[in-house]
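J.:
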Amino acid sequence: MREPIDLLRDTEFFSDLDQEALEEMARACQYIEVPRGNILFSEGEKAESFYILAYGRMGVWSGRRRISEVHPMECVGEVALLRDGNRTNTVKAERDCLLLELTREAFEKLLEQHPRAMLKVALHVTDRLAGSYVQQTKPPQSIAVVPLTGHPEFEDFCKRLQVSLNKFNPTTLAEPRDEVPGIGWFNELEQEAGTVLYQCRTGLCEWSERCLRQADRVMLVGLKDEPVGPGVHEQYWSGLHKREGKLLLTLIGFGQAKRTSKWLEGRDNVQVHHLDWNKYPDRIARFINRKAFGLVLGGGGARGLAHVGVFRALEERGIKPDLVAGTSMGGFCAALIASGRSAAEVERDLRWTWIDAGPFLDFNLPLYSLVKGDRVRGRLVRLFGHRHIEDLDIPFFCMTADITNAQSVVHDRGLLYRWLAVGMSIPGVAPPYPYNGRLLLDGGLLNNLPVDVASEHGCGEILAINVDPKEEMAIQDADFEGTLSKQLWRKLTGTTTAPHIVEVLIRVTTLTNAAAIGRMRHLIDHYVQPDTDRFGLFDFHMADDIVKSGYEAMMAYDFTPTTHSV
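Quick note: the sequence shown, position 276, residue 922 per the numbering used here, numbers continuous.
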């Protein structure tokens, strides 16, 4: 443990004090320990002390929102103390913390005897109140790596993960120790390295507990074909995070994914990664460092065939997405990519689904919808079988819209064919899907280009493909006059200029999408919008031209993910 006077001298707040003042202040201070998850002080409390953080890290909360953090050698609580007021925020320990406490009485005595210290304090508080206080860069990441079984590959996995992480940030691997060091040792380790991997033991020993208390996130490592339920490490981690109400877990497996749903039983907040060092050697490292490349594909009926051309262009450049996602037809294309298909295979399966297999509209007595949707579902089952989303080679999600609560629903687990079919259920055309008291329809109703969800899934670089036409629906020459038989004849002979009924329905229900994309543009690093103005929602017979439009648009865009150059 450092001497109080050394800590004070290294704190910018007091670095200008002379030796006499430092010694007097050091005698007035005392060390206190705050275990991880505990509260240092709460919003609304009377301020009776202020603190200097020696080791650990603390989060600053306003209500339920985390607004900042406190790092070693930083002060906390001094503003309310000087203003003789109440705490305006809640401060919680996010590590096992050691702090130097100075009470109000001791602080006031110091300021009377050393006015220079008062000036330093006043300037510091003024900066904070004026909003010019700049917080330090976020502290080093720490990851507790937990073996769910005693398999021999675990130690090798930790070493290979360290090598991969080193490409992005200097990384230290802390292997198990019989004699567990104090928090000072852990603090110095994290200050010296960009990322620290804490290799836990199979059992919940003192070393593993300390690693979990130091960790920003937990990575669970297990064999894909040997699923096990939540263990003691997860229970311990959950206990540390009761107040925050969240778990940051990453499930890693080896070999072919077949039973991932068994791994997810009892684990709600888990991000799944299927390890393949040969195909995706650094994907996990990119997600950890928030540098993963996400490909997000928008909905648009037949226009979605442009995604095939986009993917072909990426494939020719050797660019592989770390996550692929989409809405409606974009979700379908994304699922084909996520299952490991090549661009040629994606195009083959799209053509078979929408063109080669014949008409997909199975008309229905229009009580709830114009079609039943059985044919599309049947084709999806033939393509994907009963494969689950969480078994896909590449992380994936698709979207549906809950019309009972007007909420977007994210699907990153469950039967793939089911959520793809529901996600392409055009309102009024296909029936809604009842699920857990909700009615779900085409995801494009509420989020046709889900870049916000991709960002929440850990993507730090996003390529968004919008296949909506750039021009508005052309109706100036549309002829709606005449009898029903006259209009029907025009439709049958192809001489009508009026928009298709489904296009009208889609246009009405997606009017807000352009505005939504505008609001999310700050999340989009790369934006491509192929020229699809001359294609309608059901122009699958123009597949060649639509695919070409996507390919040309992507090839014209100078693009390489920054992280793929690492």
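For glycine and all other residues, C-beta sits at the position ideal for the given N, C-alpha and C.
DSSP beta-bridge partners for aspartate 1088?
T.: The partner list for aspartate 1088 (beta bridge, DSSP) reads Thr1046.
J.: In the DSSP assignment, find the beta strand (DSSP E) that holds tyrosine 844 and state where it starts and stops.
T.: Segment 841-845, the beta strand (DSSP E) holding tyrosine 844.
J.: What residue range is occupied by the uninterrupted beta strand (DSSP E) comprising histidine 920?
T.: Element bounds for histidine 920: 916-920.
J.: In this structure, does DSSP put lysine 892 in helix, strand or coil?
T.: Only weak support is given to the placement of lysine 892: the predicted model assigns it a pLDDT of 44, under 50, and the value that follows is read from those uncertain coordinates. Three-state DSSP puts lysine 892 in coil, outside helix and strand.
J.: Looking at glycine 615: is its Cβ nearer than 8 Å to the Cβ of cysteine 1044?
T.: Outside the displayed range of the chain (647 to 1212) lies residue 615, so it cannot be described from this structure.
J.: Kindly indicate which three-state DSSP category aspartate 1204 falls into: helix, strand or coil?
T.: In this structure, aspartate 1204 counts as coil in the three-state DSSP scheme.
J.: Three or more C-beta pairs under 8 Å: does that hold for the stretch 1162-1175 against the stretch 1091-1105?
T.: Short answer: they touch.
J.: Using a Cβ distance threshold of 8 Å, determine whether the stretch 926-936 contacts the stretch 962-970, with at least three qualifying pairs required.
T.: A contact exists between the stretch 926-936 and the stretch 962-970.
J.: Lysine 908 by DSSP, collapsed to three states: which one?
T.: In this structure, lysine 908 counts as helix in the three-state DSSP scheme.
J.: Is the CB-CB distance between glycine 731 and glutamate 715 below 8 Å?
T.: In this structure, glutamate 715 does not lie closer than 8 Å to glycine 731 by Cβ.
J.: In whole angstroms, what separates the C-alpha of phenylalanine 1205 from that of valine 956?
T.: When rounded, the distance between both Cα atoms is 12 Å.
J.: Under three-state DSSP, which class holds asparagine 833?
T.: Three-state result, asparagine 833: helix.
J.: So leucine 866 is in the beta strand (DSSP E); what residue range does that whole segment cover?
T.: Per DSSP, leucine 866 belongs to the beta strand (DSSP E) from 863-867.
J.: Could you give the C-beta distance for alanine 931 and leucine 835, rounded to a whole number, given that I count them as a contact under 8 Å?
T.: Actually they do not touch by this definition, with Cβ atoms about 19 Å apart.
J.: Given a threshold of 16 other Cβ atoms within 10 Å of its Cβ, counted over all protein chains shown, does glutamate 825 qualify as buried or as exposed?
T.: Glutamate 825 is exposed by the Cβ-count criterion.
J.: Beta-carbon separation of leucine 1087 and leucine 1026 under 8 Å?
T.: Their beta carbons are not under 8 Å apart, which means leucine 1087 does not touch leucine 1026 by this criterion.
J.: Let me know the secondary structure DSSP gives histidine 760 once reduced to three states.
T.: Three-state DSSP puts histidine 760 in coil, outside helix and strand.
J.: Note down, in chain order, each residue of its chain lying with its Cβ closer than 7 Å to the Cβ of proline 650, except the 5 sequence neighbours on either side.
T.: These residues qualify, in order along the chain: Ala672, Cys675 and Leu746.
J.: Where does glycine 723 land, buried or exposed, given buried means 16+ other C-beta within 10 angstroms?
T.: Buried, since its Cβ has 16 or more Cβ neighbours within 10 Å.
J.: For valine 791, which of helix, strand or coil comes out of DSSP?
T.: Strand, per DSSP.
J.: Could you check where the alpha helix (DSSP H) with glutamate 801 kicks off and where it finishes?
T.: First-last of the alpha helix (DSSP H) with glutamate 801: 799-812.
J.: By a C-beta neighbour count over all protein chains shown, 10 Å radius and 16 as the cutoff for buried, is alanine 1161 buried or exposed?
T.: Answer is exposed; the Cβ neighbour count stays below 16.
J.: Rounded to whole angstroms, what is the Cα-Cα separation between leucine 921 and glutamate 694?
T.: Approximately 51 Å, taken between the alpha carbons.
J.: CB-CB under 7 Å to arginine 1084, same chain, minus the five flanking residues each way: which ones, in chain order?
T.: Answer for arginine 1084: Asp1048, Thr1050 and Asn1051, listed in chain order.
J.: Can you name, in chain order, every residue of its own chain whose Cβ lies under 7 Å from the Cβ of glycine 1196, other than the five neighbours on each side?
T.: Counting only Cβ-Cβ distances below 7 Å, and skipping sequence neighbours, we find Ala952, His953, Val954, Gly955, Val956 and Pro1176.
J.: Identify the continuous alpha helix (DSSP H) that holds cysteine 857 and give its terminal residues.
T.: First-last of the alpha helix (DSSP H) with cysteine 857: 852-860.
J.: Could you tell me if proline 761 is buried or exposed, where buried requires 16 or more neighbouring beta carbons within 10 angstroms of its beta carbon?
T.: So proline 761 counts as exposed.
J.: Can you pull the DSSP bridge partners for serine 714?
T.: Serine 714 pairs with Val706.
J.: By DSSP's criteria, proline 1073 is part of a beta bridge. Which residues make up the other side?
T.: Answer by DSSP bridge pairing, in chain order: Ala1076.
J.: Report, in whole angstroms, the separation of the C-beta atoms of alanine 903 and aspartate 1037, which I expect to be a contact under 8 Å.
T.: The Cβ separation is near 4 Å, so the contact holds.
J.: Name the residue from Ala700, Arg711 and Val737 whose alpha carbon lies nearest to the alpha carbon of glutamate 720.
T.: Nearest of Ala700, Arg711 and Val737 to glutamate 720, Cα basis: Ala700.
J.: Given a cut-off of 8 Å on the beta-carbon distance, is the pair leucine 866 and isoleucine 1111 in contact?
T.: No, Cβ-Cβ distance for leucine 866 and isoleucine 1111 is not below 8 Å.
J.: Sorry if obvious, but does the Cβ on isoleucine 934 come closer than 7 Å to a heavy atom of the ligand GDP?
T.: Only the bare structure without any ligand can be found here, which leaves the ligand GDP out of the picture.
J.: Tell me, which residues are paired with glycine 1034 by DSSP?
T.: Note that residue 1034 is histidine in the sequence shown here, rather than glycine. Paired residue(s): Leu1061.
J.: Where does valine 842 land, buried or exposed, given buried means 16+ other C-beta within 10 angstroms?
T.: So valine 842 ends up on the buried side.
J.: Could you give the residue range of the alpha helix (DSSP H) that holds proline 1170?
T.: Here residue 1170 turns out to be isoleucine, not proline, going by the sequence shown. That residue, isoleucine 1170, is in no alpha helix (DSSP H); it is neither H nor E in DSSP.
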